[in-house]
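Residue numbers (the working numbering), protein chains in the order written: chain Y, 588 to 844; chain S, 588 to 844; chain X, 588 to 844; chain U, 588 to 844.
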């Protein structure tokens with residue numbers, strides 16, 4: 588029976604990881620090991636300058652889970668380095684409350700946690716769901732079913748080393764999702780704006796505000812697929828080298844001072 | 588006169604950013620805007636759930652600098668969104684105390700800060716120095732000279748949109764560095780190990796310990812270049828799509844439940 | 588019907604506050620407003636340099652509760668400054684997992700939260716339970732019953748302004764607790780010891796370890812009462828002035844340089 | 588030669604501790620051991636659930652200093668438990684930027700750090716300076732001279748066990764300070780007010796704002812002394828017992844359910 592390690596970025600008590608754990612329990616043994624708080628906005632490194640604590644907890648449906656005061660990547664590292672004894676077959680991170688598309692890869696803790704699994708030599712999947720535009724409470728059940736379908740195939744067919752499948756799902760009921768598209772990363776358009784305010788003691792502080800990021804809904808991209816009502820799967824590797832630029836950089840006359 | 592925005596991952600008072608600022612002052616106007624503490628091990632996101640403070644400070648040589656309680660990426664975002672009024676021509680992040688090679692990209696705050704500049708449409712450079720193997724105090728002067736040489740060319744020749752040059756320098760005097768190599772990312776070998784201990788109240792805690800990462804010193808890679816005594820420059824883009832896997836993923840029979 | 592504001596130091600999801608809320612619901616309307624994490628070891632100030640968030644949550648029995656990312660004192664301040672609209676009649680803090688005796692007042696977040704209520708002009712009670720010596724899971728039900736008895740009387744008889752009743756309960760079933768003693772603060776004997784260790788990168792770190800504090804079990808003190816199997820109630824005020832020393836300090840020849 | 592341990596609440600690089608260290612160097616050997624950041628608004632406990640780091644640093648005038656990532660009380664505890672080898676004769680905390688008067692004792696990290704010294708059996712002094720009303724940069728030199736005068740006498744005459752002298756100085760040049768008064772704690776009037784705002788994503792957050800605390804400038808109190816242009820010295824003990832209330836509490840019919 589395959590062994591699935593589940594983590595996330597939003598904290599062990601977020602609804603997305605519960606939906607994910609429930610859906611993947613049909614595929615094999617599930618171990619949940621996720622941060623004890625929401626890391627969405629505070630970073631993802633491996634923690635090497637302080638020790639970490641591990642604690643047992645439960646999801647809302649009673650599923651036992653492990654949690655630590657480290658980042659999502661720390662949870663994966665702790666699990667795979669030996670806190671969990673049984674060998675793991677696949678690492679799944681999510682379901683993130685909010686999509687991770689295009690250049691969001693740079694920021695995404697959900698993806699970074701999956702990468703930690705890939706760096707350890709395991710197939711890895713990151714799952715995110717776009718939030719409903721009207722601000723209503725997200726229903727993760729369709730995204731969980733699609734995650735189950737992806738993980739089932741990853742376990743069946745395998746993945747090349749150091750690859751993460753980045754899955755994004757629109758906020759629709761399963762029967763309204765048009766299907767699954769294999770995509771490339773699209774082009775995000777960030778619309779951050781600085782908001783300057785003054786605290787009650789008249790000292791300034793700053794919000795990074797503005798509109799949520801938009802994107803170019805190009806055919807073939809994750810952004811395009813979601814815009815049309817499809818779920819997207821984008822295969823990611825960890826090699827960010829821009830090979831096409833190497834030759835011209837070599838012409839930059841490096842001998843000169 | 589070009590305007591260079593300098594940030595880092597190790598905090599505004601780290602010696603690496605001082606060496607960098609001094610070297611780049613010969614190229615134009617320099618603005619230093621870096622975190623008020625070391626972020627090496629605590630993450631790099633853009634901070635959107637709490638407001639940020641900005642404060643004026645000075646480097647050890649008296650150079651005025653801005654600092655914030657946000658991450659390296661936050662400092663770049665704050666600067667470019669309007670805390671700094673004068674347009675910026677290039678974003679330079681570093682000099683990190685420790686190399687950033689191969690799959691380290693996943694973890695590197697130094698690179699993430701440069702990416703924030705690239706996402707904002709600016710050419711961007713990340714600079715890191717391998718630490719001396721004997722544990723002696725690092726001398727950043729050679730790395731600073733090489734950074735100056737790279738940034739000078741970036742200002743002269745430009746970079747395509749959304750590209751970061753990732754520069755790594757060996758811990759050698761300038762005249763012992765054999766030259767500069769344009770490289771691709773190499774293959775890191777992580778050697779983390781779990782260290783379990785018990786606190787004075789008999790509760791366990793965990794260090795992610797083990798040996799520092801090694802790497803495959805292959806010809807043509809950043810790891811290989813450093814191993815031979817060269818500085819390396821690896822062009823990075825933000826598109827992590829593994830295009831070669833897309834077709835086979837499409838064969839995974841997605842219609843089936 | 589009286590309105591009881593309940594907070595604590597161990598975080599809104601700690602078992603002690605649940606037992607307390609359940610017991611006090613028999614006295615009137617209860618509002619729970621407690622920190623979103625354990626503050627036992629991280630301090631108690633009023634937070635004035637950053638804004639605070641307030642969120643709705645539930646205790647394990649479904650009781651609605653408010654929580655914030657501020658300290659215990661912040662929760663009380665937020666509640667009394669207007670986040671809670673209905674006037675509050677008494678502030679109760681606890682049940683702390685661990686006694687707060689003698690000079691522990693200096694450190695106790697449980698007591699500080701109650702003091703915040705006292706500073707706002709309300710009667711205030713801090714409740715703590717000594718933990719079982721054998722490390723078994725604490726049962727807060729007896730302490731909750733005693734807290735109910737104390738709060739009932741505080742509501743009936745009132746307290747002078749700026750007074751906190753500091754209640755400590757031994758870890759015994761209610762019928763084995765010998766009674767309630769009105770006490771003064773006893774003499775703590777701290778037995779901290781420094782534990783020096785080295786992290787996996789050979790850098791030292793320090794635990795403040797040693798044995799848990801002991802105390803002089805003198806007749807009439809809180810420490811003595813607990814040692815004999817009684818619950819203790821110590822009335823506290825906020826005036827730390829050592830009046831008896833003032834005259835001799837005046838003789839210290841202050842005119843001389 | 589006496590050995591003076593100096594700490595503070597505002598962080599090792601605050602100007603107040605520099606002025607204090609310079610003034611006390613005339614009395615004996617000075618060891619500075621203070622937090623690596625400002626703890627004014629984040630608490631003061633002894634840290635027992637995580638290990639602490641100690642690092643060497645320098646004050647702005649080159650004086651060597653120790654710093655840790657713990658609280659002010661942690662710095663005192665670490666020093667006295669053995670990080671500093673040489674026996675300490677007196678613990679001095681400050682100079683705090685801002686007065687600590689009346690019920691501020693409840694909140695004051697400056698006082699708590701001194702109490703940690705008193706709990707360890709040493710004479711202890713807390714020093715705070717009221718900030719200039721016009722917002723100008725505080726000049727700590729007069730407060731440092733008065734601190735020197737107090738510490739000199741403490742070393743000469745000693746203090747009873749577990750006593751802290753709480754010193755407050757007005758923001759005036761030394762020759763305009765009218766003298767030193769031995770005082771009791773006065774009555775603070777807090778004027779906090781809730782300020783509700785909405786972040787750029789339309790979610791509320793709260794500042795604890797309002798006017799700075801006022802106080803009743805009664806003759807004989809610390810608040811009165813400062814209002815008249817005197818420095819105040821208030822002897823504090825750690826026994827918060829309100830003895831006068833004990834008898835009436837005993838009448839509260841504790842036998843009844």
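Built from N, CA and C at the ideal position, the CB exists for glycine as well.
Within the continuous beta strand (DSSP E) that includes residue i, where are the two ends?
i, result
"residue 715 of chain Y", "711-716"
"residue 604 of chain Y", "Not the beta strand (DSSP E): residue 604 of chain Y falls in the alpha helix (DSSP H), residues 602-611."
"residue 680 of chain Y", "677-684"
"residue 616 of chain X", "616-622"
"residue 801 of chain Y", "791-803"
"residue 753 of chain S", "750-756"
"residue 759 of chain S", "Here residue 759 of chain S belongs to no beta strand (DSSP E), and DSSP marks it neither H nor E."
"residue 591 of chain U", "590-594"
Quick check on residue i: does DSSP put it in helix, strand or coil?
i, result
"residue 727 of chain U", "coil"
"residue 771 of chain U", "strand"
"residue 823 of chain U", "strand"
"residue 837 of chain X", "helix"
"residue 691 of chain S", "helix"
"residue 830 of chain X", "helix"
"residue 746 of chain Y", "coil"
"residue 720 of chain X", "coil"
"residue 738 of chain Y", "helix"
"residue 776 of chain S", "strand"
For the alpha helix (DSSP H) containing residue i, name the first residue and the last one.
i, result
"residue 809 of chain U", "809-814"
"residue 697 of chain Y", "696-706"
Could you give the distance in angstroms between the alpha-carbon of residue i and the alpha-carbon of residue j?
i, j, result
"residue 608 of chain U", "residue 774 of chain S", "52 Å"
"residue 729 of chain X", "residue 755 of chain U", "45 Å"
"residue 821 of chain S", "residue 710 of chain S", "14 Å"
"residue 828 of chain Y", "residue 835 of chain S", "23 Å"
"residue 734 of chain Y", "residue 809 of chain Y", "16 Å"
"residue 777 of chain S", "residue 599 of chain U", "37 Å"
"residue 783 of chain Y", "residue 684 of chain Y", "27 Å"
"residue 819 of chain S", "residue 616 of chain Y", "45 Å"
"residue 597 of chain Y", "residue 644 of chain Y", "16 Å"
"residue 656 of chain Y", "residue 717 of chain X", "27 Å"
"residue 841 of chain U", "residue 767 of chain X", "7 Å"
"residue 689 of chain Y", "residue 746 of chain Y", "21 Å"
"residue 738 of chain U", "residue 826 of chain X", "23 Å"
"residue 922 of chain Y", "residue 736 of chain Y", "Because chain Y here runs from 588 to 844, residue 922 of chain Y falls outside it and cannot be looked at."
"residue 700 of chain S", "residue 613 of chain X", "56 Å"
"residue 843 of chain S", "residue 695 of chain Y", "30 Å"
"residue 787 of chain U", "residue 605 of chain Y", "29 Å"
"residue 723 of chain U", "residue 651 of chain S", "21 Å"
"residue 673 of chain X", "residue 610 of chain X", "21 Å"
"residue 565 of chain X", "residue 678 of chain X", "The displayed coordinates of chain X run from 588 to 844. Any statement about residue 565 of chain X would go beyond what the structure contains."
"residue 725 of chain X", "residue 638 of chain X", "35 Å"
"residue 797 of chain U", "residue 770 of chain S", "58 Å"
"residue 750 of chain U", "residue 713 of chain U", "11 Å"
"residue 831 of chain U", "residue 837 of chain U", "11 Å"
"residue 762 of chain X", "residue 785 of chain S", "37 Å"
"residue 804 of chain U", "residue 727 of chain U", "23 Å"
"residue 708 of chain U", "residue 633 of chain U", "17 Å"
- Query: Which ranges would you report for the alpha helix (DSSP H) in the region 639-674 of chain U if only whole runs of at least 4 residues count?
  - Reply: Whole alpha helix (DSSP H) segments, 4+ residues: 659-665.
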